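Notes for the one structure printed next.
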Amino acid sequence: MDALHPEHIAVPMPCRWTRELLILTLREIAFERGENVTFREFQDAAGVSAGPVTSKCGGWAKLRAAAGLPPQRYSSWKKITDHELLCELHRLTQELKHLPSYEEIDAHGKFGACTYRRRFGRKIDLKRAFRDYLLKCPLREPKHFKEAERTESD
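Rendered as structure tokens:
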């Protein structure tokens, strides 16, 4: 058997998310985890990015409605403070030894990159807020502060 023969090479088929498949998948996950499943939990369990949810369903709230789920209970969520977000960014920076990209924030962080984008706006604005946080933080690490300054021009 020739392992390099094209017929013997398994190529995963890309998932083609349709509106119907997203709705069915959300219903299954909500059945397993409860009706107040978060978007992050849905993404992790289904392996879907925000793109198909937005393009096929018009966003998370509309997908929830289409799946017959009640609106997300935001009042039960604790508001995340700027300080908590910046502390988490500091932790990630120390763990990764560099300022994390949005992809790294999503992969390793406690909060999603979309939370940082909504709160701080552009990446340069997040870097400025992080620099200001480091200036006020008594436990700051100078090398991360210098990296925040250096990459501000990105």
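Counting from 6, one number per residue, gives the positions in the sequence shown under this note's numbering. Each residue gets a CB set at the ideal place from its N, CA and C atoms; glycine is no exception. Just so we're clear, the structure is a prediction, and the values are computed from it rather than from any experiment.
About 6 Å separates the CB atoms of L104 and T98; that is less than 8 Å, so the two are in contact. Of the residues assessed, R69 falls on the buried side of the cut-off, its CB having 16 or more other CB atoms within 10 angstroms. Annotation: the segment 41-108 contains the following complete segments of the alpha helix (DSSP H) (minimum length 4 residues), in chain order: 44-51, 55-62, 65-71, 87-101. Each of I129, R38, E33, G63 was checked against the Cα of S106, and the nearest Cα belongs to I129. Collapsing the DSSP output to three states places T120 in a helix.
Around the Cβ of A72, a 10 Å sphere holds 16 or more other Cβ atoms; the residue is buried.
By the neighbour-count criterion, in which 16 or more other beta carbons inside 10 Å mark a residue as buried, F36 falls on the exposed side. In the three-state DSSP reduction, R136 falls in the helix class (H, G or I). Short of 7 Å from the beta carbon of A51, and not among the five residues preceding or following it, lie these beta carbons of its own chain, in chain order: T30, I34.
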